[in-house]
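Please read the structure below before turning to the comments.
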Amino acid sequence: LEREVNLPQESLLTALRLCASAPAAALELLQEPQWTARQQLCQALAATLASGDWLALLPILNHEQAAVRLHWLASLLVDAQKRQQGIALVSNPDAWPLLEQLAHSLPAARLQAIAHDVCTCREQLLNVVGVNRELLLTERLLRWEHYLQPGTVLPVSHL
């Protein structure tokens, strides 16, 4: 990958980890439209943490590749859970400041609930024929915002 793309080592490592160590898939992820979209998601997530407006993620997630973008979001949330446990081996080493921000600003139970919901939403987008993507994403984003309200009862985790 180093011969093909001129990006920092952390970015190359992130692409490999997000693509299950498949160099060809990682190279495709590192190409301009894909990698830029992932960076925009990271920036928007950081802004969302500051503002509390999760609906602001809708323009980035509501895309033909919404399932891929939800995969990126889920990996960031799981990495934040790892950071809360003191684990340094993460899938997104290029987004270390964002992972720390997520880990410090969201309680573990809320991170878990949102991560589980992201994965459920992704599966619905992949498996339900004719699903209204924008409506599904809007409902989920509002739900995640609700999860962060004080006193909200979170769904029971089956993990």
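Going by my numbering, the final residue of the sequence shown carries number 161, and the count climbs one at a time with no gaps.
All C-beta atoms in this analysis are idealised placements derived from N, C-alpha and C, irrespective of residue type, glycine included.
Source: prediction; values computed, not measured.
Compute the distance between the beta-carbons of residue i and residue j, then report whether it is under 9 angstroms.
| i | j | result |
| --- | --- | --- |
| Arg85 | Asp119 | no |
| Ala46 | Ala58 | yes |
| Cys121 | Leu78 | no |
| Leu150 | Leu138 | no |
Please classify residue i: is it buried, with 16 or more other beta-carbons within 10 angstroms of its beta-carbon, or exposed?
| i | result |
| --- | --- |
| Asn134 | exposed |
| Thr16 | buried |
| Ser163 | Beyond the ends of the chain as shown, which are 3 and 161, falls residue 163; an answer cannot be given. |
| Leu91 | exposed |
| Ala52 | exposed |
Can you tell me which of the three DSSP states residue i falls into?
| i | result |
| --- | --- |
| Cys167 | Outside the shown range of the chain (3 to 161) lies residue 167, about which nothing can therefore be said. |
| Cys44 | helix |
| His2 | No answer is possible for residue 2: it lies beyond the span of the chain, which begins at 3 and ends at 161. |
| Val70 | helix |
| Asn129 | helix |
| Arg87 | Correcting the residue type first, residue 87 is Gln in the shown sequence and not Arg. Residue state, collapsed to three classes: coil. |
| Val80 | helix |
Under 8 angstroms by Cβ, that's how I've got residue i and residue j pegged, so tell me the actual separation to the nearest angstrom.
| i | j | result |
| --- | --- | --- |
| Ser159 | Gln103 | So it is not a contact: roughly 23 angstroms between Cβ atoms. |
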